[in-house]
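Visitor: This is the structure I want to talk about, given as structure tokens.
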Amino acid sequence: MTDYPEIAARFARDTAKHEMTVLLDDGLYRHLRFMNPKNSEYWFEIVTWPGSLAVRGDVGDGYVFTRLNDMFEFFRSDRRWGINPHYWAEKLGGGRRSVKEYSEARLRQLVVERFVEDARYNGVPAGTGKALRTWVLNEDLSDEHQARNVMEDFAHLGYEFRDDVWEWDFHDYDDSFLWCCYAIQWGIAQYDTARKAVAA
């Protein structure tokens, strides 16, 4: 599982005053709304029917997951470990690629990791780290195509990236999808807490 603390913190701020309204609770058919009663910022709904869970609202495009007959059970299974965007994205109709976007931060992370690995196991010419900072990491890498060209063109005293940089994956989950992952997990926990209170 991957941790996204900045998105978790944003989700906590965005939903700090949210309350749950149960619009439908009939077995596998559920319709839950979460929103601040004083305004509609960052409201969201979780809707389930056999084999599917949809999350929608003020959260981007919305997403539909399909896996188990009771999708609450599917999302509850990961509760102890936090969100699991990599696995959960497999359950979307469009798959993982549908919720990923180019990430300059991911590119920079991979460049540094690859350089450290090469330095540790293969050795690199003196000054390569400085050259890498100057000619790659200090560049504007906000455009994926341009960033790949910068990396492909990088060479210092015979050192260059060993494999085809066009094969590297510089994509990460978009913020909207991650926010919705936290929303699903939190929303189900709110629902479970409310049901336990009613049963007591």
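All letters in the sequence shown, in the order written, are residues 141 to 340 by the working numbering. Don't be surprised by glycine CBs; every beta carbon is placed ideally from N, CA and C. Being a predicted model, the structure only gives us computed values, none of them experimental.
Classify residue 272 as helix, strand or coil using the three-state DSSP reduction.
Guide: Mapped onto the sequence shown, residue 272 falls at position 132. Three-state result, residue 272: helix.
Visitor: Spatial neighbours of residue 154 within its chain, please: C-beta separation below 8 Å, excluding the five flanking residues on both sides.
Guide: As a working note, residue 154 is residue 14 in the sequence shown. Hits under 8 Å: 181, 182, 319.
Visitor: When burial is assigned at 16 or more other CB atoms within 10 Å of the CB, is residue 185 buried or exposed?
Guide: As a working mapping, residue 185 is identified with position 45 in the sequence shown. Buried, by the Cβ-count rule.
Visitor: Can you tell me where the beta strand (DSSP E) with residue 240 in it begins and where it stops?
Guide: The count along the sequence shown starts at 1 and reaches residue 240 at position 100. Residue 240 -> beta strand (DSSP E) spans 240 to 242.
Visitor: Can you find the residues in the same chain that come closer than 6 Å, C-beta to C-beta, to residue 236, ignoring five residues on each side of it along the sequence?
Guide: By 1-based counting over the sequence shown, the position of residue 236 is 96. Excluding positions up to five away in sequence, the list reads 229.
Visitor: Where does residue 220 land, buried or exposed, given buried means 16+ other C-beta within 10 angstroms?
Guide: Along the sequence shown, read from residue 1 onward, the residue named residue 220 stands at position 80. It is exposed - the Cβ of residue 220 has fewer than 16 other Cβ atoms within 10 Å.
Visitor: Going straight from the alpha carbon of residue 300 to that of residue 247, what length do you get?
Guide: Sequence index remark: in the sequence shown, residue 300 carries index 160 (1-based). Sequence index remark: in the sequence shown, residue 247 carries index 107 (1-based). Straight-line Cα distance between these residues: approximately 16 Å.
Visitor: Around the Cβ of residue 137, are there at least 16 other Cβ atoms within 10 angstroms (buried) or fewer (exposed)?
Guide: Summary: the structure shown does not reach residue 137, with the chain confined to residues 141 through 340, and so no result is reported for it.
Visitor: For residue 288, collect the residues of the same chain with a Cβ closer than 7 Å to its Cβ; drop the 5 residues on either side in sequence, then sort them by chain order.
Guide: To locate residue 288, count along the sequence shown from 1; it is residue 148. Cβ neighbours of residue 288 beyond the five flanking positions: 305, 306.
Visitor: Start and end of the beta strand (DSSP E) containing residue 185?
Guide: In the sequence shown, the residue the question calls residue 185 occupies position 45. Unbroken beta strand (DSSP E) run through residue 185: 184 to 189.
Visitor: Please confirm if residue 260 has its CB atom under 7 Å from at least one CB of chain C.
Guide: Absent here is chain C; the protein component of the structure consists of one chain.
Visitor: Give the list of continuous alpha helix (DSSP H) stretches no shorter than 4 residues that lie fully inside the segment 190 to 244.
Guide: Correct list: 211 to 216, 225 to 229.
Visitor: Can you look up residue 296 in the DSSP assignment and give me helix, strand or coil?
Guide: The residue you call residue 296 lines up with position 156 of the sequence shown. It is a strand residue.
Visitor: Name the DSSP bridge partner or partners of residue 303?
Guide: Here residue 303 refers to the residue found at position 163 when the sequence shown is read from its first residue. Answer is none; residue 303 lacks a bridge partner.
Visitor: Report the three-state DSSP secondary structure of residue 333 (helix, strand or coil).
Guide: Numbered from its first residue, the sequence shown carries residue 333 at position 193. Residue 333 falls in the helix class under three-state DSSP.
Visitor: Would you call the CB atoms of residue 173 and residue 161 closer than 7 Å?
Guide: In the sequence shown, counting from the first residue as 1, residue 173 sits at position 33. In the sequence shown, counting from the first residue as 1, residue 161 sits at position 21. Yes, the Cβ-Cβ distance between residue 173 and residue 161 is below 7 Å.
Visitor: For residue 160, write down the residues that DSSP places opposite it in a beta bridge.
Guide: For the purposes of this step, residue 160 is identified with residue 20 of the sequence shown, where counting begins at 1. Residue 160 pairs with 174.
Visitor: Candidates 272, 327, 157: which alpha carbon is nearest residue 213's?
Guide: The sequence position of residue 213 within the sequence shown is 73, counting from 1. Comparing Cα positions, the closest option is 327.
Visitor: For the segment 256 to 270 and the segment 238 to 245, state whether three or more C-beta atom pairs, one from each stretch, are separated by less than 8 Å.
Guide: Judged by Cβ distances under 8 Å, the segment 256 to 270 makes no contact with the segment 238 to 245, as fewer than three pairs qualify.
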